[in-house]
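K.L.:
Going down the list, the protein sequences come from chains A and B.
Counting from 1, one number per residue, gives the positions in the first sequence under the numbering used here.
Counting from 540, one number per residue, gives the positions in the second sequence under the numbering used here.
The C-beta atom is built at its ideal place from N, Cα and C for all residues, glycine as well.
I'd like to ask you about the structure that follows.
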Amino acid sequence: MKLHEQKQLLVLADEAISYGAIDAGVKGVFGYPGTPSTEAFEGAERIIHALNDGRVAHWAANEKAAYEMALGCSYAGGRALVTMKHVGLNVAMDPLVNSALTGVKGGLVVFVADDPSMHSSQNEQDSRCLADFANLVTLEPSSHQETYEFTMKAFELSEKLRLPVFLRLVTRLAHSRGIINRAESEGIVNLGKPSKLESHNWVLVPGYARERYNYLRQILPVLERAVENYNSITFGRNRIGVVLSGMGRAYFDQLCRQNEIVRSFTRLDVKAYPLNHEFIERMCAYCDVVYIFEEDYPYIEDMFIARAGSTKIHGRRDKTIPISGELTPRKLRKTLNIECPESEHKVEMELPQRPPRLCLGCGHIDSYKAIRETFIKMGIEDFRVFGDIGCYTLGYEKPHECLHTCVAMGASVGMTFGAALAGMSPSVGVIGDSTFFHSGIQSLLSMATSKVNANLVIMDNGTTAMTGQQRTIFSQDIVKAIEGLGMPKDQIHTLIPLPKYHEENVKKLTEIFKAERPDVIIFKRECVQASKSRRIVKN
Amino acid sequence: MDKSCVSNPTGVVVAGVGGQGVITLSQLILGAAWKSGYFAIQSEVHGMSQRGGSVNAQIIFDKVEVSSPTILEGTASLIIGMEPLEALRYFNLLRKDASVICSTSPVRNMPIYPNLDMLIAELKKIDGTFLVDTDKISEELESKGAGNMVLLGAASKKLPFTEVIWHQTIKDRFAGKEQSIIDKNIEAFNHGKKLYSM
Chain A
1 MKLHEQKQLL VLADEAISYG AIDAGVKGVF GYPGTPSTEA FEGAERIIHA LNDGRVAHWA
61 ANEKAAYEMA LGCSYAGGRA LVTMKHVGLN VAMDPLVNSA LTGVKGGLVV FVADDPSMHS
121 SQNEQDSRCL ADFANLVTLE PSSHQETYEF TMKAFELSEK LRLPVFLRLV TRLAHSRGII
181 NRAESEGIVN LGKPSKLESH NWVLVPGYAR ERYNYLRQIL PVLERAVENY NSITFGRNRI
241 GVVLSGMGRA YFDQLCRQNE IVRSFTRLDV KAYPLNHEFI ERMCAYCDVV YIFEEDYPYI
301 EDMFIARAGS TKIHGRRDKT IPISGELTPR KLRKTLNIEC PESEHKVEME LPQRPPRLCL
361 GCGHIDSYKA IRETFIKMGI EDFRVFGDIG CYTLGYEKPH ECLHTCVAMG ASVGMTFGAA
421 LAGMSPSVGV IGDSTFFHSG IQSLLSMATS KVNANLVIMD NGTTAMTGQQ RTIFSQDIVK
481 AIEGLGMPKD QIHTLIPLPK YHEENVKKLT EIFKAERPDV IIFKRECVQA SKSRRIVKN
Chain B
540 MDKSCVSNPT GVVVAGVGGQ GVITLSQLIL GAAWKSGYFA IQSEVHGMSQ RGGSVNAQII
600 FDKVEVSSPT ILEGTASLII GMEPLEALRY FNLLRKDASV ICSTSPVRNM PIYPNLDMLI
660 AELKKIDGTF LVDTDKISEE LESKGAGNMV LLGAASKKLP FTEVIWHQTI KDRFAGKEQS
720 IIDKNIEAFN HGKKLYSM
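Next up, the structure:
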């Protein structure tokens with residue numbers, strides 16, 4: 001039997017979303033790669049390819065584009081899934097917030113993977129807050145089976161509420177493997193486009209937007225009721241209360257199987273938001289003390305603190321649990337004063353860290369070598385290079401030490417230009433090709449026709465390497481694209497970052513960096529990982 | 540959840556360097572646990588660690604439902620180290636009577652790699668630590684990935700899954716590859732099992 005036909009599967013929770021979406025009759029899957037969300041898209045793409053029944057999976061240039069494609073798919077009546085990591089949600093916020101006003105037609109599910117402890121991210125932001133900000137519903141599973149089922153239910157809920165629905169996972173769940181039992185697949189859903197009567201809802205000019213916004217602000221009780229059944233209180237004989245969501249719930253359930261005392265606690269299981277205040281009031285009326293176990297921000301905790309009365313609330317705010325970092329089984333035990341086993345195997349010698357590094361034979365190494373040497377030859381010892389997000393971010397470390405900022409996707413281009421405008425000369429930035437097309441190109445529109453000494457190095461390896469070699473959305477000639485932005489031809493340079501061209505590259509870079517004008521340097525060389533395992537392009 | 544049931548889940552750690560095959564090996568253990576009728580979850584760390592950094596995966600299985608994908612410190616019963624330094628990083632997870640199955644072949648992709656003899660001495664502090672020169676064995680068996688399967692074969696002596704299940708799990712994992720690749724993997728697995736018994 002083919003994998004996509006099996007009813008019981010051992011999968012990543014990310015892939016439970018893929019199967020949930022397929023079995024719910026999804027028409028389109030869209031996304032931008034970002035750890036730990038990537039496999040949800042990739043799983044769906046694999047199944048769609050195998051099924052070959054008219055569904056689509058499309059990597060977009062960035063999360064905003066992906067979101068808008070999903071919204072268009074929904075407008076046309078199809079169910080749509082859009083996948084991204086938490087910081088990617090920031091990029092998609094503009095259409096997302098406004099789509100809460102327009103509403104949706106086909107169910108639209110927004111899968112966002114949060115990354116507490118920042119295993120591979122720039123921050124620890126909590127997507128529940130952004131869903132709340134947009135007045136939307138969030139489902140938060142804590143097991144593989146729940147992830148699968150909640151994905152299917154999210155589509156129904158989205159169509160019932162006529163709003164996008166969030167599905168929130170954290171790294172520990174997204175990147176763990178477990179068992180799912182699949183339900184019967186529904187056929188591909190098609191609800192048709194919005195009727196003429198409702199089509200003005202989609203035109204957010206002030207007259208219509210005010211009407212839609214007022215409506216959205218008034219339906220909070222409707223949203224709370226719609227997800228009420230996901231949340232539940234189990235009163236125990238113990239007046240110690242616990243509030244459990246996501247991994248907090250997973251770890252507590254595990255603890256219950258191993259510790260009798262905690263089984264008598266009163267518990268509030270939170271699997272969906274917005275959380276009705278009545279749950280909080282009932283918990284606080286019964287419990288003397290409540291411990292809150294949730295990932296990232298003290299989101300539920302703040303709701304409790306606001307309504308606690310004489311009940312003591314323990315969580316991240318009072319530092320019972322550290323304000324940052326993911327939950328662990330040990331943190332739960334410590335918080336609840338349950339004995340923690342200590343390992344007796346202490347390693348006495350110091351174990352040095354093994355930081356990730358650029359692959360042997362990676363073109364980025366040669367690019368950085370050339371940039372560094374150019375600055376030194378120009379007599380600029382304390383040089384700065386604006387950096388971006390991708391494998392090449394590793395250029396900050398030894399022996400390269402050739403990258404001095406990593407802020408947000410695409411930020412290097414704007415920062416390079418901004419610094420040049422402020423008088424930095426030469427101002428130099430580096431960016432990968434996928435990141436450039438994600439959100440770097442917009443700043444180049446300003447830089448291209450300027451007169452300042454801004455130098456953008458595009459490290460073109462032809463792939464989104466960091467997240468596992470997804471294809472870059474733009475497969476045409478980058479030089480032509482940049483010419484099209486108004487950049488004069490003689491200010492665009494293609495260099496090959498190979499050791500044999502090193503001297504030549506340094507010479508060219510020196511000329512370029514000295515010239516008081518904007519320049520784009522494309523360091524073009526295939527990713528070594530990609531060339532090792534050249535993927536079959538499926539579309 | 541059965542409230543009367545008190546469980547005692549088994550935790551297994553697989554440690555290594557990005558690119559060594561940590562995830563593949565841990566998936567095999569997870570698959571064998573699943574095929575043997577256990578409840579099982581496995582967690583792994585991706586992302587930055589893919590580029591030659593530290594990688595670890597954890598497998599938890601039990602006769603009753605398992606909901607935590609991460610192992611509580613001091614409770615893991617087995618660690619499979621594909622690299623000596625990496626194995627030592629997770630010793631805090633091990634319980635008193637834990638078993639260590641570890642490669643002695645270092646991956647030196649870092650500025651200063653510790654003294655190998657000292658690392659091995661630390662590994663040997665645990666009774667019954669089983670060490671394998673995986674580089675040498677891979678050469679002997681003329682197969683690049685053989686070292687990992689030898690480690691798994693040795694580790695299988697410490698895990699409650701039958702040989703039939705192991706072989707089937709390996710076949711399923713490499714389904715679609717040439718028969719000779721499947722055979723080589725099973726051969727290496729059996730070799731590891733035999734080595735451990737010697």
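Using 8 Å for Cβ pairs, my map puts A/G395 next to A/H364. What's the rounded Cβ distance?
P.N.:
With a Cβ gap of about 6 Å, A/G395 and A/H364 count as contacting.
K.L.:
Does A/D552 pass the burial test, meaning 16 or more other C-beta atoms within 10 Å, or should it be called exposed?
P.N.:
An answer regarding residue 552 of chain A cannot be provided, because it is not within the stretch 1 to 539 covered by chain A.
K.L.:
Determine the burial state of A/N231: buried for a count of at least 16 other Cβ atoms within 10 Å of its Cβ, exposed for fewer.
P.N.:
It counts as buried.
K.L.:
Given that B/W573 touches chain A, what residues does it touch there, using C-beta distances under 8 Å?
P.N.:
Within 8 Å Cβ-Cβ: L10 and I179.
K.L.:
Could you give the distance in angstroms between the alpha-carbon of A/L223 and the alpha-carbon of A/W59?
P.N.:
Their Cα atoms are separated by approximately 31 Å.
K.L.:
Using a Cβ-Cβ cut-off of less than 9 Å, give me the residues of the stretch 255-289 of chain A that come near chain B, in sequence order.
P.N.:
Those residues of the stretch 255-289 of chain A that come within reach of chain B (Cβ to Cβ, closer than 9 Å) are L255, C256, R257, Q258, N259, E260 and R263.
K.L.:
Please report the distance separating the alpha-carbon of A/N201 from that of A/Y208.
P.N.:
Distance between the alpha carbons of A/N201 and A/Y208 is about 7 Å.
K.L.:
How big is the Cα-Cα spacing for A/H37 and A/G43?
P.N.:
Contrary to the premise, residue 37 of chain A reads as Ser rather than His in this sequence. One C-alpha to the other measures close to 11 Å.
K.L.:
Mapping DSSP to helix, strand and coil, what is A/I536?
P.N.:
Residue placement at A/I536 is poorly supported in this model, since its pLDDT is 39, which falls under 50; the coordinates still yield a value, given next. It is coil, neither helix nor strand.
K.L.:
With distance defined between alpha-carbon atoms, name the residue in A/A481, A/F304, A/P33 and A/M447 nearest to A/E516.
P.N.:
That would be A/M447, whose Cα lies nearest to the Cα of A/E516.
K.L.:
Look at the alpha carbon of A/A16 and the alpha carbon of A/T449, and state the distance between them as a whole number of angstroms.
P.N.:
Distance between the alpha carbons of A/A16 and A/T449 is about 48 Å.
K.L.:
State the Cα-Cα distance for the pair A/R177 and A/D14, rounded to the nearest angstrom.
P.N.:
Those two C-alpha atoms are separated by around 9 Å.
K.L.:
Please go through the stretch 303-385 of chain A and give each complete alpha helix (DSSP H) segment of 4 or more residues, from N-terminal end onward.
P.N.:
If we require 4 residues or more, the alpha helix (DSSP H) runs fully inside the stretch 303-385 of chain A come out as 329-335 and 363-377.
K.L.:
If we count the other Cβ atoms within 10 Å of its Cβ and call it buried at 16 or more, is A/N229 buried or exposed?
P.N.:
By the neighbour-count rule (16 or more Cβ atoms within 10 Å), A/N229 is not buried but exposed.
K.L.:
Contact check, A/V428 vs A/I180 under 8 Å by CB: the rounded distance?
P.N.:
Contact doesn't hold; Cβ gap of about 49 Å is too wide.
K.L.:
With DSSP collapsed to three states, give me the class of B/H706.
P.N.:
Correct three-state label for B/H706: helix.
K.L.:
For A/I482, which of A/C362, A/V520 and A/S324 has the nearest alpha-carbon?
P.N.:
Per the Cα distances, A/V520.
K.L.:
Are the beta-carbon atoms belonging to A/G361 and A/M459 less than 9 Å from one another?
P.N.:
Not in contact: A/G361 and A/M459 (Cβ atoms no closer than 9 Å).
K.L.:
With a threshold of 6 Å on Cβ separation, who are the neighbours of B/S546 within its own chain once the five nearest residues in sequence on each side are excluded?
P.N.:
Hits under 6 Å: D601 and V603.
K.L.:
Give the range of the alpha helix (DSSP H) segment to which A/C129 is assigned.
P.N.:
That run of the alpha helix (DSSP H) goes S127 to F133.
K.L.:
If we count the other Cβ atoms within 10 Å of its Cβ and call it buried at 16 or more, is A/D288 buried or exposed?
P.N.:
It is exposed - the Cβ of A/D288 has fewer than 16 other Cβ atoms within 10 Å.
K.L.:
Among the residues of its own chain, which have a CB less than 7 Å from the CB of A/F375, if the five just before and after it don't count?
P.N.:
Within the same chain, A/F375 has close Cβ partners F383.
K.L.:
Within the chosen definition, does the stretch 98-110 of chain A reach the stretch 229-249 of chain A through at least 3 CB pairs nearer than 8 Å?
P.N.:
No: fewer than three Cβ pairs fall under 8 Å.
K.L.:
Going by alpha carbons, who is nearest to B/F669 out of B/K733, B/S582, B/G576 and B/L564?
P.N.:
The shortest C-alpha separation from B/F669 is found at B/K733.
K.L.:
With the cut-off set at 9 Å, would you say B/S593 and B/K697 are in Cβ contact?
P.N.:
Cβ distance not < 9 Å, so B/S593 and B/K697 don't count as in contact.
K.L.:
Taking C-alpha atoms, which residue in A/V262, A/Y251 and A/R307 lies nearest to A/T234?
P.N.:
Nearest C-alpha to A/T234: A/V262.
K.L.:
Do A/T335 and A/T320 have their C-beta atoms closer together than 9 Å?
P.N.:
Contact flag set, yes.
K.L.:
Starting from B/M649, find everything on chain A with Cβ-Cβ shorter than 9 Å and list it in chain order.
P.N.:
Within chain A, the residues near B/M649 are P352, Q353, R354, P355 and R357.
K.L.:
Spell out the partners DSSP gives A/I512 in its beta bridges.
P.N.:
In DSSP, A/I512 forms no bridge with anything.
K.L.:
Out of A/M466, A/Y148, A/S443 and A/R525, state which residue places its alpha-carbon closest to the alpha-carbon of A/L485.
P.N.:
Among A/M466, A/Y148, A/S443 and A/R525, the Cα nearest to that of A/L485 is on A/S443.
K.L.:
Under 9 Å, do B/L564 and B/L662 count as touching if we go by C-beta distance?
P.N.:
Not closer than 9 Å, so no.
K.L.:
Could you list the residues in the stretch 394-406 of chain A with a C-beta less than 8 Å from some C-beta on chain B, going in chain order?
P.N.:
Within the stretch 394-406 of chain A, the qualifying residues are L394 and K398.
K.L.:
Enumerate, from N- to C-terminal direction, the unbroken beta strand (DSSP E) stretches of 3 or more residues contained entirely within the stretch 580-633 of chain B.
P.N.:
With a minimum length of 3 residues, the continuous beta strand (DSSP E) runs that stay inside the stretch 580-633 of chain B are 593-601 and 615-620.
K.L.:
Quick one: which chain A residues come within Cβ less than 7 Å of B/N631?
P.N.:
Residues of chain A passing the Cβ test: S343.
K.L.:
Look at the Cβ atom of A/G88, then the Cβ atom of A/V170, and state whether they are nearer than 9 Å.
P.N.:
No. Outside cutoff.
K.L.:
Would you mind working out which of A/G410, A/D132, A/P341 and A/H404 sits nearest A/M93, comparing C-alpha positions?
P.N.:
A/M93 has its Cα closest to that of A/D132, out of A/G410, A/D132, A/P341 and A/H404.
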